[in-house]
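Working notes, beginning with the structure itself.
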Amino acid sequence: MKRFFAKVHLWLSIPLGILVSVICLSGAALVFEQEITRALDPQLYRVTPPAGIRPLPPSQLAARIREQVPDSLKLSALQLSGDPRKTCMASFKGAGRRTLSVDPYTGEVNGWTKSHAFFQTTRELHRWLMDAPAAKGQKSVGKAVVGVTTLLLVVILVSGLVIWIPRTRKALKHRLKVSCNKGWRRFWYDSHVALGFYAALFLLVMALTGLTWSFGWYRKAAYSLFGGGTQQTAAAHAPAKGNPGQDVRGGHGGRGAETERQSDYAVWDNVLEGLKAQYPVYKTITLNERSAQIAPDPHTSIRRTDTAQFDPRDGRIGEIVRYRDTPRSQTLRGWFYAFHTGSWGGTVTKIIYFLSALIGGTLPLTGYYLWLKKKRRTAKE
2 MKRFFAKVHL WLSIPLGILV SVICLSGAAL VFEQEITRAL DPQLYRVTPP AGIRPLPPSQ
62 LAARIREQVP DSLKLSALQL SGDPRKTCMA SFKGAGRRTL SVDPYTGEVN GWTKSHAFFQ
122 TTRELHRWLM DAPAAKGQKS VGKAVVGVTT LLLVVILVSG LVIWIPRTRK ALKHRLKVSC
182 NKGWRRFWYD SHVALGFYAA LFLLVMALTG LTWSFGWYRK AAYSLFGGGT QQTAAAHAPA
242 KGNPGQDVRG GHGGRGAETE RQSDYAVWDN VLEGLKAQYP VYKTITLNER SAQIAPDPHT
302 SIRRTDTAQF DPRDGRIGEI VRYRDTPRSQ TLRGWFYAFH TGSWGGTVTK IIYFLSALIG
362 GTLPLTGYYL WLKKKRRTAK E
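Per our numbering, the sequence shown starts with residue 2, numbered consecutively.
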């Protein structure tokens, strides 16, 4: 049986090894994108709270923003942080995913948040091998190749684990460590075997969750397995905008007269006060035209938001749909994203995912080295 799995492992790894390395290494580079992006432009995300001064109410922030942006930009959402050291984020109709950083104490605009070119290119490489689909949801050769490679990576990892299982406890002890004083071949062999074992579980989680973005049939099956209905799968898979836990999308969009009537944004002041009374501690509150999204837990990066509807005429808060009461089909994508990127456990799991993806990128290279060494030795004999 092991011989069969060894052949499967070898003959899948040889043609796919380079692709696996590209996907894993680019994935490793994306793990800390949010942290690196914020470190490169700290003024867009952090502010020093002035002593004794409270943040401006939403209506005053909206007025200050209007003074500093073109008339063609219509404010659609304000994301307010529960952390006094973080900036406010403003979204505009027709501006796509771009958000404007604003000082919550003065209303001064800091600049547009952005994804750096390095991460944009790395994401295209990771998801589509630089062959992005013409439109969202469409197919491309690069997307198909990444999907098939990821699917076969699951087989490679499982077959590798079957080969790895030692026959004795003594052998197990040797399999779990890397020897650094027995020559290069032994070092690379131990690196391939031992490090591959440590990273295999996390690589499997990344691959199995990542496949939901590659194949519709797989996504439906995976969501159904975890309780997501077929009808609601498409809605659950709708791409989220912004960073995890920081949804800055516009609201539901009202009827024309009511939307225009809220041009002074005064009702947002009432909405914010009402929500603060119900959520004394929160991560973010995002005010839209007719609803507000509240991320109540400051310590999680998973998208767990409550949604509050309010009357656009006076800001009176109506129904609040709690995250815990949201149908599972609508929360699955957030969980799949969190388990794919490692954000579900904060910095600790991100470090583990980064190291696992890095190891995953080197496994094909060490495998090629060992394979070529074996071929040369066999040829000499």
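The beta-carbon is built from N, C-alpha and C at its ideal position, and this holds for glycine as well.
Treat the numbers as computed from the prediction; the structure is a model and nothing was measured.
Query: Alpha carbon of residue 365 to alpha carbon of residue 107, nearest angstrom; Result: 53 Å
Query: Contacts around residue 39, its chain only, beta-carbon distance under 6 Å, and the 5 residues preceding and following it disregarded; Result: 46
Query: Alpha-carbon spacing of residue 307 relative to residue 52, whole angstroms; Result: 31 Å
Query: Coil, strand or helix - residue 262 by DSSP; Result: Low confidence applies here, because residue 262 scores a pLDDT of 43, under 50, leaving its location unreliable; read the following figure in that light. Residue 262 falls in the helix class under three-state DSSP.
Query: Cβ neighbour criterion (16 or more within 10 Å) applied to residue 360; Result: buried
Query: Selection from 316, 146, 170, 67 that minimises the alpha carbon distance to residue 212; Result: 146
Query: Meets three-Cβ-pair contact criterion under 8 Å: the segment 313 to 331 and the segment 11 to 20; Result: no
Query: Rounded C-alpha distance that separates residue 255 from residue 362; Result: Because residue 255 sits at a pLDDT of 41, beneath the cut-off of 50, its placement in the model cannot be relied upon, and the point is left open.
Query: Nearest to residue 110 (by Cα), restricted to the options 90, 122, 121; Result: 90
Query: Residues near residue 370 by beta carbon distance below 7 Å, same chain, minus five either side; Result: 189
Query: Alpha-carbon spacing of residue 341 relative to residue 368, whole angstroms; Result: 25 Å
Query: Alpha-carbon to alpha-carbon, residue 214 and residue 258; Result: In this predicted model, residue 258 has a pLDDT of only 41, less than 50, meaning its place in the structure is not dependable; the value taken from the coordinates is given anyway. When rounded, the distance between both Cα atoms is 39 Å.
Query: Terminal residues of the beta strand (DSSP E) in which residue 111 lies; Result: 110 to 113
Query: 3-residue-minimum beta strand (DSSP E) runs that sit fully inside the segment 76 to 115, ordered along the chain; Result: 76 to 82, 89 to 93, 101 to 103, 110 to 113
Query: Residues bridged to residue 47 (per DSSP); Result: 87
Query: Same chain, Cβ closer than 8 Å to residue 129, neighbours up to 5 away in sequence not counted; Result: 141, 143, 144, 147
Query: Complete alpha helix (DSSP H) runs within the segment 285 to 353 (minimum length 4 residues, chain order); Result: 329 to 342
Query: Through-space distance from residue 167 to residue 82, alpha-carbon basis; Result: 52 Å
Query: Distance CB(residue 1)-CB(residue 353) smaller than 8 Å; Result: Residue coverage of the chain in this structure runs from 2 to 382, which leaves residue 1 outside it and unanswerable.
Query: Alpha-carbon to alpha-carbon, residue 77 and residue 290; Result: 7 Å
Query: Secondary structure of residue 139, DSSP reduced to three states; Result: coil
Query: Proximity test, residue 354 beta-carbon vs the ligand ATP heavy atom, cut-off 7 Å; Result: Of the ligands one can find in the structure shown there are none, so the ligand ATP has no counterpart to examine.
Query: Where residue 117 falls: helix, strand or coil (DSSP); Result: coil
Query: Inter-residue Cα distance where the pair is residue 179 and residue 79; Result: 52 Å
Query: Residue nearest to residue 113 in terms of C-alpha spacing, selected from 155, 161, 42, 269; Result: 42
Query: As assigned by DSSP and simplified to three states, the class of residue 164; Result: helix
Query: Beta-carbon contacts of residue 216 that lie in its chain and below 7 Å, excluding the five residues immediately before and after; Result: 148
Query: Inter-residue Cα distance where the pair is residue 8 and residue 158; Result: 13 Å
Query: Reduced DSSP secondary structure (H/G/I, E/B, other) of residue 271; Result: helix
Query: Buried versus exposed call for residue 172 [16 or more other C-beta atoms within 10 Å across all chains shown]; Result: exposed
Query: For residue 363, the three-state DSSP class (helix, strand or coil); Result: helix
Query: Own chain, CB closer than 8 Å to residue 57, minus 5 neighbours either side, in chain order; Result: 65, 105, 106, 107, 108
Query: Assumed close pair residue 162, residue 201 - CB separation to whole angstroms, cut-off 8 Å; Result: 6 Å
Query: Min CB distance residue 82 to chain C below 8 Å; Result: Structure shown: chain C not included; a single protein chain is present.
Query: Nearest-angstrom beta carbon gap, residue 315 and residue 268 [assumed within contact, 8 Å]; Result: 6 Å
Query: Nonlocal neighbours in the same chain, by C-beta distance under 7 Å from residue 286, ignoring five residues either side; Result: 81, 273, 276, 293, 295
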